[in-house]
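Report on the structure given below.
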Amino acid sequence: MRLGVSARTITCWELGLQAPSSGDVAALCRVFGVGPEFFEPQLEGLPVASGLPHFRSYRAGTQVAYRQAQAYVQVTQDLVRTLRDYVDFPALHLPDISADPELAESIVPQMAAQQVRHEWGLGDGPIAHVLRAVEDHGICAVFAPFEHASLDAHSVFSGEVPLIVLNPTKGDYYRQRFDVAHELGHLVMHPDAEPGNKVIEAQADAFASELLAPSEVLHDELPTRIDGAGKVMLKELKERWGVSMKVLLDKAYALGRLTEEGYREGLKSLSRNGWELLEPGAISGVEEPSLIPHALELLGDVGVGPEEVRERSRVPQSYFKVMTARCPLLPVRA
């Protein structure tokens, strides 16, 4: 172990049963790329997350992975708080439309998505850049470190700036847009709900589907059969609306455009082509967050460098590089 201490000792530190020596603190600083002040208690009165991050499933990763992800959320909050001391972030604009976390059949997700489109001035057509729309309305987004790739996108209603953390390895434009819309659904409908509930995950999916592909607009354009012409229609709609064919199949079935038999045939077609996880698409790159990188650029223009910001926010160097990047930072293959 790089620290030269046992796992038992580290557990005692985490539980407050034992304090690290000055030598241990120095070793921790070297490993994490931080100063000793990083391990000092935070000042009282600083805003913190109002709840746990919304993870899709608590079975997807280990408890260690979830604890690491929560720590990353906390230090990202620290960075955002520091940046807001210097730079004006967009004002937070989120409709307040709570959904009952126990109600499986609900029209609230569709209503909430329609309300977001209305209040954000998105019209009823395709959303050109979902991530930019989210950031323009006061929500911050960052990529997760590669080490957290076992976890899907997640979100937290943190302090004054809600946060969306994106999976760094998904690499799929269409699925990432759905992830962003899904997490936005949690922020709109579930700010106080217990994360991980299957019902609220289904509600967030319904919100994302309606936000990205409004039912009333798409109803007559969706195929009624999954034949050659139907598949062409799905591919064209996928590119126009920036959503996966799977989302469109689900919507066509939910709106009664496809029978159950037709829907099953559509799913089988995706499976036969190996497209359950990665469909073909014309756009290869993912949408990139810009709120934090742009804030750093503005500060650089007035002589405040990134290292000064990092030290003030007490963020480890490795995390700082990730959360200030416009694209995911992945290991270089030999």
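First residue of the sequence shown? That's -1 in the working numbering, and the numbers climb one at a time after it.
Ideal Cβ placement from N, Cα and C applies to all residues, glycine included.
Small disclaimer: the values here were computed from a predicted structure and weren't measured.
Check, Outcome
"8 Å CB neighbourhood of residue 91 in its chain, flanking five on each side removed", "117, 118, 135 and 136"
"Cα-Cα separation between residue 252 and residue 301, rounded to whole angstroms", "55 Å"
"For residue 186 and residue 210, the rounded distance between their alpha carbons", "15 Å"
"Residue interval of the beta strand (DSSP E) (run including residue 155)", "It is not in any beta strand (DSSP E) - residue 155 carries neither H nor E in the DSSP assignment."
"Per-residue burial, residue 177 [other beta carbons within 10 Å of its own, 16 or more giving buried]", "buried"
"Straight-line gap, residue 74 to residue 143 (C-alpha atoms, nearest Å)", "12 Å"
"Residue 225, buried or exposed, once every other Cβ within 10 Å from all chains shown has been counted against 16", "exposed"
"Extent of the continuous alpha helix (DSSP H) run through residue 198", "196 to 210"
"Close beta carbons around residue 206, own chain, < 7 Å, minus the five adjacent residues each side", "176, 179, 180 and 183"
"Contacting residues, own chain, Cβ-Cβ under 6 Å from residue 286 (five flanking each side not counted)", "324 and 325"
"Inside the region 95 to 152 only - alpha helix (DSSP H) runs reaching at least 4 residues", "106 to 117 and 128 to 134"
"Inter-stretch contact at 8 Å, needing at least 3 Cβ pairs: the region 64 to 83 / the region 306 to 313", "yes"
"Residues of its chain near residue 101, where Cβ-Cβ distance is below 8 Å and the 5 sequence neighbours each way are ignored", "197"
"Under 9 Å between C-beta atoms of residue 262 and residue 221", "no"
"Where residue 294 falls: helix, strand or coil (DSSP)", "helix"
"Simplified DSSP state of residue 330, which is helix, strand or coil", "coil"
"Under the three-state DSSP convention, the category residue 284 falls into", "coil"
"Boundaries (first-last residue) of the beta strand (DSSP E) holding residue 246", "Not the beta strand (DSSP E): residue 246 falls in the alpha helix (DSSP H), residues 243 to 252."
"Residue 293 beta carbon less than 9 Å from that of residue 70", "no"
"Beta-carbon gap between residue 161 and residue 148 smaller than 9 Å", "no"
"Beta-bridge partners of residue 163, as assigned by DSSP", "140 and 152"
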